[in-house]
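Taking it in order: structure first as structure tokens, then the write-up.
Protein chains in written order, with this note's numbering: chain R, 3 to 683; chain B, 28 to 537.
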């Protein structure tokens, strides 16, 4: 198993590039020590990590999965205590994710040469340190073999997002956006952490898969539900109820990081960060982490249909909700931000709808086409001298053809047009939800309907964006004379452009249905793996424990319907915006446009909640503390000071007063003693 | 012997520094304070204790036990020694004192020799508190800590230093009185079953159910009264809300190095004593009133955090956040599980390092900007990048970022308290207390965003530039320690659990 001994190196390489860059940032500030401000160490590290990841992928194919505890972080003596460890789990799912993350991160590093170095940004070592730590944290999360380790790297991912979104800290906007991103996701992570603690308290372990002497909590949960587990503490609840509670708690973190309703508000603000960072956050790290977590512990979620239905419903709702907001945005990155929220909604929809493979498939294709779209947007932003308003663009098609054609490839994939990647994966998401919904879960059908409707909006906003940016006549001076971009921008775009067009061929389910050829490679890949961590096991659980049944429904009809919706959206956009000087048609929507443009006033609501709720309680507590709690303390001291000041008046300093008091005292004493002793009786 | 040597050496060092010329006293104090640091680390490397120093079947490390005096029918011994609970705090004290002394070089410019002398005197007393195993010596050390602290705040403090110093002294002294009465009631109620004031003997007797009736009160009542008196007495020191109001005043007025010691070590005296006295000697009372104690804990966490959110003074923010963080310790203790009590002990060390780091870093900024008010400045990251970088790291440590000491401690406490059998509704209390991790992120991120980032702004007529190296080194060292303890909690975790485990085995009549 020699190859797997190098698995930790995948995490350590970017961490090393972080150390190099941060060391330079601290000890050699302002001196140009690192070549390209730290980009080269980063690129070398990511290239190495990518090669190793591919090697892991190949080795998993050849030898099967690998799970090894590497480091015991903390452990207690004897029975009934917890052993908290770090371990590496490289199976079909994580090997695939490793390749995606390292590839996207490498391309983002290369692209940064064009976006940051060529634009003469300062603080480059800090930037590349952030990218390195971000990649390392995400890779550590991907290979985590237990929930606690996953949580730890999940939090580090949050830290890195704060560092990178707030990269331009001298301006007021980015630090504020960074704070919001961290706080909103922290709110989700609060529930996640309760979930982690609950998993330990319930099962005594948080391993994803049994290893060594340690059991796995999804397996224990399955045994508890099928009636053969012992030593599981469900805190007085029925096992299924308690597992639903735990599952929903962990889901809190997922909703936060994957920007699902209602914790999606941080993501559009996060556009304040440098564009390559947005690509990294949206495509391969951070936002992907949430969905990956559900996939990672799908053996647990597949046992609890109530939670699955909630996941599907949140996903379907978010997909539609975010897509509507994307329709009216003016900035290119804002459109992409809402499309990210929407697309992750699809992945959640698939996971909740029983489509483990579909969700993973969409995670992969989305990683490629969304990274592409962000980098393409980055290229446009360079060209436009950092003006992001699409209404100032137009006509860039002729002036930057490489960006245009690759961006088009990504847009076709996002809109779900045959035969681009997004078509295949989105179709499978919808199909899986539909058949399981028809199989007897009406809530899934509602989620499916929302997802399907979102396809139309997706097609519309995507091509509104493409047409406004690249077609028509230039609407500003910069659009007429855009800034050129170099190979370091075009190279990553071309790689991703090809992938956005072709990645869907990894899983051609409709083709298989049509021709009988065995071409659902991803499906086969994910159906192999460790005994309790593979797609086949999950589908058994879904069927036997969660009671999911798939209705017989033709995948071709489903695909045709969703393609039809997408084409309708694209067609409408084409009709309205394929014009040399298009108008703001969305203005005709009136109040609806305002509602969408202001994001359903969700931001206002949450700011109100934080300010009147959080700060209000804080100010009230402060008043209470100063007035009442400390008031009592000072009151006690004033009482003693006051009584002291009164009593001290006895000490007048006049001798005759003392003599009088003395005499009086003796008399009183004698009378008292006399009464007591019976003299006067 | 080594404990006596270190305490005696520190006392002599204090005296020597006290009479040294002001000019050299800072460097001298630092050099001398390195001896206890090396000594305590050497003790850590040799550490071979097992079990809990107060309970049966233990082997105490570096123990000395010799008869001393006889008082009112009780034998008093000079009894010192360390177990897995006290050694980490012993090390924390020496390390933090040394670093605090370096952090004083910039701000302390008057009566320097007296300042450093008092710091070392305080260190000696603190080492005594954490190592004494006989009540008499322990109480002498306990009270001796107050004296230097009073002068350190009252002489070198801010504008309202006299108010703060007197408030601190009176408040904690009244609390000591309550604690003393409570403990003595317990000792007298033990009657003839104890013949000394040795803490192990008393602890073992109370756990064996030897408490009788005294002063007209039954055994149960006397235990409850003693527990309550000691809980309030130690609770003031911790401080547990609502006994915390001395703390922000003391912190705001105290100079930076004194705040470091106050938050880093002095507060831990309270939780250490709670563990040693209340939870080791009277676990049955603790279990009986678990819900009330847990309410105190949760209120401290949440109320303290919201108070921090309302503050504008960076030092006040950190001061209130200590109330919040120490609330976790109480939660861990009342949970009465291995990870709960162990995590509480770990949190004492972790919070000692992190709060020390926060105060020190805020102090470095104050040295340069001469203001600590959030609204007075912005964009400091531009002018002092390394200090700001460390402050950011420290703040994330405070928020419980994984792989830093605070996360380890808090996670241990949470995972320990969630499944507690002693505390009813344990999951609910745990979940409520955990909300502190959201509020802490709120107030620290808000404060950082407003002071450190954005365009540089500070109305001042002096230049604001990078801090001197001797300001930055101690915070860098502390940060590395925080990370080391977060990556490898086993540096202390094993020995802590070893000493905590016997506490949880409630024997005899308990």
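Where a beta carbon is used, it is the ideal one built from N, C-alpha and C, also for glycine.
Between residue 431(B) and residue 509(B), the C-beta gap is smaller than 7 Å, which places the two residues in contact. For residue 70(R), the enclosing beta strand (DSSP E) has its first and last residue at 68-77.
Annotation note: the segment 181-250 of chain B contains the following uninterrupted alpha helix (DSSP H) runs of length 4 or greater, listed N- to C-terminal: 188-216 and 226-234.
Secondary structure in the segment 286-321 of chain R: the alpha helix (DSSP H) runs of 4 residues or longer, each lying completely within the stretch, are 289-298 and 300-303 in chain order. Counting along the chain, the unbroken alpha helix (DSSP H) around residue 489(R) starts and ends at 489-504. Shown here, residue 522(R) sits in coil according to DSSP, grouped into three states, outside any helix or strand. Using a Cβ-Cβ distance cut-off of 8 Å, the segment 338-354 of chain B and the segment 266-276 of chain B are in contact, since at least three pairs of beta carbons, one from each stretch, lie closer than that value. Shown here, residue 492(B) sits in coil according to DSSP, grouped into three states, outside any helix or strand. For residue 165(R), same chain residues with a beta-carbon under 6 Å away, outside a window of 5 residues either side, are 132 in chain order. CA-CA distance, residue 475(R) to residue 171(R), rounds to 36 Å. Residue 286(B) sits in a helix when the DSSP states are folded into three classes. A direct Cα-Cα distance of roughly 5 Å separates residue 276(B) from residue 191(B). Proximity of the segment 155-167 of chain B to the segment 98-109 of chain B meets the contact definition, three or more beta-carbon pairs being nearer than 8 Å. Of all alpha-carbon atoms in 309(R), 281(R) and 560(R), the one lying nearest the alpha-carbon of residue 296(R) is that of 309(R).
In the structure shown, the three-state DSSP call for residue 338(B) is coil. Counting only the Cα atoms, residue 254(R) lies some 18 Å from residue 611(R). When 238(R), 267(R) and 156(R) are compared, the shortest CA-CA separation from residue 606(R) is found for 267(R). At the C-beta level, residue 168(B) and residue 156(B) come within 7 Å of one another. According to the DSSP assignment, residue 422(B) belongs to the alpha helix (DSSP H) that extends over 412-425. Between the beta-carbon of residue 396(R) and that of residue 277(R) there is about 20 Å, and that puts the pair past the 8 Å contact cut.
The residues 192 and 196, in chain order, have a CB closer than 6 Å to that of residue 177(B) in the same chain once the five nearest residues on each side in sequence are set aside. In this structure, DSSP gives residue 101(B) an extended state, which the three-state scheme calls strand. With respect to chain R, the C-beta atom of residue 115(B) has no partner C-beta closer than 7 Å. The beta carbon of residue 355(B) does not come within 7 Å of any beta carbon belonging to chain R, so the residue lies off that interface.
Residue 437(R) sits away from residue 321(R), with the two beta carbons spaced by 7 Å or more. In chain R, no part has a C-beta under 9 Å from the C-beta of residue 266(B); the shortest such distance is about 11 Å.
Taking each of 213(B), 314(B) and 64(B) in turn and checking the Cα distance to residue 154(B), the smallest one comes out for 64(B). Among the residues of the segment 618-632 of chain R, those with a Cβ less than 7 Å away from any Cβ of chain B are 619, 620, 621, 623, 624, 627, 631 and 632, in the order of the chain. Identification of residues in the segment 90-110 of chain B having a C-beta nearer than 8 Å to some C-beta of chain R yields an empty set.
At least one CB of chain B lies nearer than 7 Å to the CB of residue 154(R).
For the segment 55-89 of chain R, the residues whose beta carbon sits under 7 Å from a beta carbon of chain B are, in order, 75, 76, 78, 79, 83 and 84. Residue pairing from DSSP places residue 77(B) in a beta bridge opposite 86(B). Among the residues facing chain R, residue 209(B) is not included, as its CB has no counterpart in that chain under 7 Å away. A straight line joining the alpha-carbon of residue 157(R) with that of residue 111(B) spans about 30 Å.
Non-local C-beta neighbours of residue 339(R) in its own chain, meaning closer than 7 Å and more than five positions away in sequence, comprise 269, 270 and 273, ordered along the chain. A contact between stretches requires three or more CB pairs, one per stretch, nearer than 8 Å, and the segment 368-384 of chain B meets this requirement with the segment 116-123 of chain B.
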